[in-house]
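Student: Got a structure for you, questions after.
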Amino acid sequence: MSYTLKALVGIGVALILSGRMNGQGLVTQQNLSLGMAKTIAEETLGQCKSKGFNTAAVVVDRAGQVLVMLRDEQATAQVAEMARRKAYTARMFRTTTLEFQKRTSDPAYAAQRDIADILALGGGVPIQVGKETIGAVGSAGSSQETDDACAKAGIAKVAEFLK
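And the structure:
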């Protein structure tokens, strides 16, 4: 084998191996802390309580798993479940559930409402750092618009840390 051919084979092997190594690196991502999730949930619940509603607030992480669930002592179990599903929906679709509700009223997207744990009622809001969705908050127990406003207020409470 000539020197040139050996060099080309060596370079080819090196390129193949370096490509494999690049795909095996670590992934770095931003995640909600438990403390931040608790602050969001408390503010969400507090905002709705100040308006006279007995609600529940749920914060989910980037995987849609519950980090914090708070329920007013007068709120029922189904209210807490609706808050969880709103948060999950907002996280999975990376949009507010009010916007999701509008979009899925189009028959072309209506089947998305049939996915397990999805709830097309206002009150779910994604938590974002730039364009990256790192979680969501769901509020339930008042009107859809009020739930939405309470959830947004919860996120606003920690906005300075989401930059």
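Residue 30 in the numbering used here sits at position 49 of the sequence shown, with consecutive numbering throughout. Positions of the beta carbon are idealized from the N, C-alpha and C atoms, including for glycine.
#1: Spell out the partners DSSP gives valine 106 in its beta bridges.
#2: Is valine 39 buried or exposed, if buried means 16 or more other CB atoms sit within 10 Å of its CB?
#3: In three-state DSSP terms, what is arginine 72?
#4: Nearest-angstrom Cα distance between alanine 71 and glutamine 5?
#5: Could you spell out where the beta strand (DSSP E) holding alanine 38 opens and where it closes?
#6: Mind checking which residues open and close the beta strand (DSSP E) that includes leucine 51?
#7: Which stretch, first to last residue, makes up the alpha helix (DSSP H) that contains lysine 144?
#8: Do arginine 66 and leucine 100 have their beta-carbon atoms positioned less than 9 Å apart in this structure?
#9: Only counting the same chain, and skipping five residues up and downstream in sequence, which positions put a Cβ closer than 7 Å to that of tyrosine 126?
#10: Is the beta carbon of glycine 122 less than 9 Å from the beta carbon of valine 60?
#11: Report yes if the C-beta distance between aspartate 42 and alanine 18 is below 9 Å; otherwise report no.
#12: Report all residues from its chain with a CB closer than 6 Å to the CB of asparagine 11; omit the five preceding and five following residues, and keep chain order.
#13: Can you name the start and end residues of the alpha helix (DSSP H) that lysine 30 belongs to?
Tutor: In this structure, then:
#1: Val118
#2: buried
#3: helix
#4: 31 Å
#5: 37 to 42
#6: 47 to 52
#7: Here lysine 144 belongs to no alpha helix (DSSP H), and DSSP marks it neither H nor E.
#8: yes
#9: First, the amino acid is wrong: residue 126 is glutamate here, not tyrosine. Excluding positions up to five away in sequence, the list reads Gly103.
#10: yes
#11: yes
#12: First, the amino acid is wrong: residue 11 is glutamine here, not asparagine. Result list for glutamine 11: Val110, Ile115, in chain order.
#13: 15 to 31
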